[in-house]
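Under UniProt numbering, the sequence shown has 234 at position 234, and the numbering climbs by one with no breaks. Beta carbons: idealized from backbone N, C-alpha and C, even for Gly. Nothing here was measured: the structure is a model prediction, and the numbers come from that model.
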Amino acid sequence: MNEKIIEKAKLKDVADNKKNSFLSKDTVSYLNEIVKAGFKERASDIHVKFDLLEGMEIKYRIDGYLKESQKLYEAVNKKVLEKNIKEIIARMKILAGMNVAEKRKPQDGSFSFLLNSKNVNKRYDIRAAYMPTAGGESMVLRILENYLKDIRLETLGFSKQSIEMLNGILDRKYGMILVSGPTGSGKSTTLKSLINMLNNGRKKIITVEDPVESKIDGTIQIQVNQEIGVTFSEVLKATLRNDPDIIVISEIRDEVTAEIAVRAALTGHLVISTIHTNDAVSTLIRLVDMGIPKYLILDSLIGVIGQRLVGKKCQKCMGKGCDECSSGYSGRISINEILVLNQDVRNILKEDNHLSSETKDKLKMLNQKYFIDFAEDADEKIEKGLIFEREKTAVIF
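Right, dumping it as structure tokens:
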């Protein structure tokens, strides 16, 4: 009798081991399908959430909006994913170099994903952000990939007038150009487009990035690594000693970075960077808040690009809805604000201690050679049938 019980126990152990091994392999394949669906949907982010009461949620940010993917559920049954969601999140944490056991604190990490499609291997870089929630866990995967093959300014949505204004400041040998906007407004893509316009082989271009999102031929790209002391400020100091013509900084985040960027712009370098602000004029306020004297900002700054991404009206059905669009939308387009600083513009910005809508009104009186705001650019796109009227009210406040 005892021998039979022992034999049954052994058989159960073997079965359990096989089951656990099988589940482990399945977890890898489930995550692969979740990520692959993100590429197929041309998503910028993948949101995965587990809650004890609400259950599982997997959504993709596509053209700025969160939605579920039927392509994912065609590849893997939704109930199967729900059953294994905890293991899938654990797998994400392992890939991103996070502590799997730590479920009380936010964590950040990154990993690469190799996709084999149509006999072509392509590597995607993914940034991961983990957040513990009141009833479970949340993970967001940012896909560091620009799905646009053509990133010229006109393709991104810049008007002819805006491009002419930008060409004028890009011809300058020194000064600072800033691309402003909230997270997910396409700043990095615009930055890369500007680099491509300047990358003619006759100038030394050094980029300082965190992380390096894509390889740009003909430039020197440097990866920031905070853990070993390779900070923005340290790299920028070293960059100035390497005889650059153009310095590209992925983002101005603090006073030290802003101070070095301003100094580089004043000492014969063209500096291009991004910054988180609501519009072109408030960029000056942000730099002043960082502790940079206003007179140094006005002396170094030569141009500011403010931008937002909005839904683009499907050009096939003109927004009525068809089999090639999503409820009348097809992709996204940029709404821009361009400010070119000449002496007249500097005088207005210098006199106005509290930059406001009145400052914009004064800048508009100069003419369109120096300032185009969001409203003007949106109106032009509405007139051309590129965007819906409602997109203007959604981004302009």
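Measure the CB-CB distance between Lys49 and Ser138 and report whether it falls below 8 Å. For the purposes of this step, residue 49 is identified with residue 49 of the sequence shown, where counting begins at 1. For the purposes of this step, residue 138 is identified with residue 138 of the sequence shown, where counting begins at 1. Result yes, Cβ atoms of Lys49 and Ser138 sit closer than 8 Å.
Under 8 Å between C-beta atoms of Arg286 and Thr277: The residue given as residue 286 occupies position 286 in the sequence shown. The residue given as residue 277 occupies position 277 in the sequence shown. In contact: Arg286 and Thr277 (Cβ atoms closer than 8 Å).
Rounded C-alpha distance that separates Arg390 from Leu349: Counting from one through the sequence shown, the residue named residue 390 turns up at place 390. Counting from one through the sequence shown, the residue named residue 349 turns up at place 349. C-alpha separation (whole angstroms): 31 Å.
So, for Ala96: in the same chain, excluding its five sequence neighbours on each side, which residues have a beta-carbon less than 7 Å away from its beta-carbon? Against the sequence shown, residue 96 aligns to sequence position 96. Excluding positions up to five away in sequence, the list reads Gly109, Ser110, Phe111 and Ala128.
Rounded straight-line distance, which links the Cα of Ile88 to that of Leu23: Residue numbering aside, residue 23 sits at position 23 when the sequence shown is read from its first letter. Residue numbering aside, residue 88 sits at position 88 when the sequence shown is read from its first letter. With a pLDDT of only 38 at Leu23, under the threshold of 50, the placement of this residue in the model should not be trusted, and no figure is reported.
Let me know the secondary structure DSSP gives Met290 once reduced to three states. In the sequence shown, residue 290 corresponds to position 290, counting from 1. Met290: coil per DSSP, three-state reduction.
Rounded to the nearest angstrom, what separates Lys237 and Ala43 at their Cα positions? As a working mapping, residue 237 is identified with position 237 in the sequence shown. As a working mapping, residue 43 is identified with position 43 in the sequence shown. Roughly 36 Å separates the two Cα atoms.
Neighbourhood of residue 403 by C-beta, 7 Å cutoff - its chain only, sequence neighbours within 5 removed: The requested residue 403 does not occur in the structure, where the chain is confined to residues 1 to 397.
Exposure label - Thr393; buried when at least 16 CB within 10 Å: Indexing the sequence shown from 1 puts residue 393 at position 393. It is exposed - the Cβ of Thr393 has fewer than 16 other Cβ atoms within 10 Å.
Here's a check: name, in chain order, each residue in its chain whose Cβ is nearer than 6 Å to the Cβ of Glu33, leaving out the five neighbours to either side. Start at 1 with the first residue of the sequence shown, and residue 33 comes out as number 33. Contacts found: Ala75 and Val76.
What residue from Thr267, Ser214 and Lys83 has the CA that sits closest to Glu57's CA? In the sequence shown, the residue the question calls residue 57 occupies position 57. Nearest of Thr267, Ser214 and Lys83 to Glu57, Cα basis: Lys83.
Alpha carbon to alpha carbon, how far is Leu386 from Thr27? Counting from 1 along the sequence shown, the entry for residue 386 is found at position 386. Counting from 1 along the sequence shown, the entry for residue 27 is found at position 27. When rounded, the distance between both Cα atoms is 43 Å.
Determine the closest residue to Glu251 out of Asp243, Thr189 and Val310, with distance taken between C-alpha atoms. For the purposes of this step, residue 251 is taken as residue 251 along the sequence shown, with counting starting at 1. Ranking the options by Cα distance to Glu251, first place goes to Thr189.
Classify Ser21: buried if its beta carbon has 16 or more other beta carbons within 10 angstroms, exposed otherwise. Locating residue 21 in the sequence shown gives position 21, where the first residue counts as 1. Legend: pLDDT at Ser21 = 39, less than 50; position of this residue unreliable, no value from coordinates given.
Is the beta carbon of Asp125 less than 8 Å from the beta carbon of Leu144? Taking the sequence shown and counting its residues from 1, one reaches residue 125 at position 125. Taking the sequence shown and counting its residues from 1, one reaches residue 144 at position 144. Closer than 8 Å, so yes.
Ile206 and Glu259: beta carbons closer than 8 Å? Here residue 206 refers to the residue found at position 206 when the sequence shown is read from its first residue. Here residue 259 refers to the residue found at position 259 when the sequence shown is read from its first residue. No, the Cβ-Cβ distance between Ile206 and Glu259 is not below 8 Å.
Suppose the cutoff is 7 Å on Cβ atoms and the five residues either side in sequence are ignored; what does the same chain contact list for Val230 look like? Within the sequence shown, residue 230 is the residue found at index 230, counting from 1. So the list reads Val224, once near-sequence residues are dropped.
Between the beta-carbon of Gly175 and the beta-carbon of Ile302, is there less than 8 Å? By 1-based counting over the sequence shown, the position of residue 175 is 175. By 1-based counting over the sequence shown, the position of residue 302 is 302. Against a cut-off of 8 Å, the Cβ pair of Ile302 and Gly175 comes out as a contact.
Neighbourhood of Gly181 by C-beta, 7 Å cutoff - its chain only, sequence neighbours within 5 removed: Counted from its first residue, the sequence shown places residue 181 at position 181. Cβ within range, chain order: Lys187, Gly306, Gln307 and Arg308.
Rounded to whole angstroms, what is the Cα-Cα separation between Ser357 and Asn242? In the sequence shown, the residue the question calls residue 357 occupies position 357. In the sequence shown, the residue the question calls residue 242 occupies position 242. Rounded to the nearest angstrom, the two C-alpha atoms are 42 Å apart.
Using a 10 Å radius around the Cβ and a threshold of 16 neighbouring Cβ atoms, would you call Tyr30 buried or exposed? Counting from 1 along the sequence shown, the entry for residue 30 is found at position 30. The residue is buried, with at least 16 neighbouring Cβ atoms inside 10 Å.
Anticipated Cβ contact below 8 Å, Ala280 with Glu351, distance rounded: As a working note, residue 280 is residue 280 in the sequence shown. As a working note, residue 351 is residue 351 in the sequence shown. At roughly 17 Å, the Cβ-Cβ gap does not stay under 8 Å, so Ala280 and Glu351 are not in contact.
Compute the distance between the beta-carbons of Val262 and Ile228, then report whether it is under 8 Å. Indexing the sequence shown from 1 puts residue 262 at position 262. Indexing the sequence shown from 1 puts residue 228 at position 228. Contact flag unset, no.
Top-ranked residue by Cα proximity to Leu240, from Thr267, Asp289 and Asp254: Residue mapping note: residue 240 aligns to position 240 of the sequence shown, counting from 1. Looking at the Cα atoms, Thr267 is the closest of the given residues.
Quick one: complete beta strand (DSSP E) runs, 3+ long, within the stretch 108-177? 120-132 and 136-143
To the nearest angstrom, how far is it from the Cα of Ala15 to the Cα of Asp323? Here the question's residue 15 lines up with position 15 in the sequence shown. Here the question's residue 323 lines up with position 323 in the sequence shown. Here the model assigns Ala15 a pLDDT of 42, short of 50, so the residue's position is not dependable, and the following value carries that caveat. Their backbone Cα atoms lie some 48 Å apart in a straight line.
Residue from Phe388, Met131 and Asn353 with nearest C-alpha to residue 482: The structure shown does not extend to residue 482, since the chain is modelled only from 1 through 397, so no value can be given for it.
Would you mind sorting Pro106 into buried or exposed? The rule is 16 or more other CB atoms within 10 Å of its CB. For the purposes of this step, residue 106 is identified with residue 106 of the sequence shown, where counting begins at 1. Exposed, since its Cβ has fewer than 16 Cβ neighbours within 10 Å.
Starting from the Cα of Gly168, find the closest Cα among His354, Leu339 and Glu376 and give me that residue. The residue given as residue 168 occupies position 168 in the sequence shown. Nearest C-alpha to Gly168: Leu339.
So, at 6 Å on beta carbons, what are the nonlocal neighbours of Ile382 in its own chain, with the 5 sequence-adjacent residues on each side left out? Looking up residue 382 in the sequence shown gives position 382. Answer for Ile382: Glu389, listed in chain order.
Roughly how many angstroms separate the alpha carbons of Leu153 and Gln161, rounded to a whole number? Counted from its first residue, the sequence shown places residue 153 at position 153. Counted from its first residue, the sequence shown places residue 161 at position 161. Distance between the alpha carbons of Leu153 and Gln161: 11 Å.
So who's on the other strand from Arg61, going by DSSP bridges? Counting from 1 along the sequence shown, the entry for residue 61 is found at position 61. Paired residues: Asp45 and Leu66.
For a test of the three-state rule: what should DSSP assign to Asp217, helix, strand or coil? As a working note, residue 217 is residue 217 in the sequence shown. Coil.
So Ile246 and Lys203 are in contact, right, with Cβ under 8 Å, and what is the actual spacing, rounded? What you label residue 246 is simply residue 246 of the sequence shown in a count that begins at 1. What you label residue 203 is simply residue 203 of the sequence shown in a count that begins at 1. Yes, Ile246 and Lys203 are in contact; Cβ-Cβ is about 6 Å, under 8 Å.
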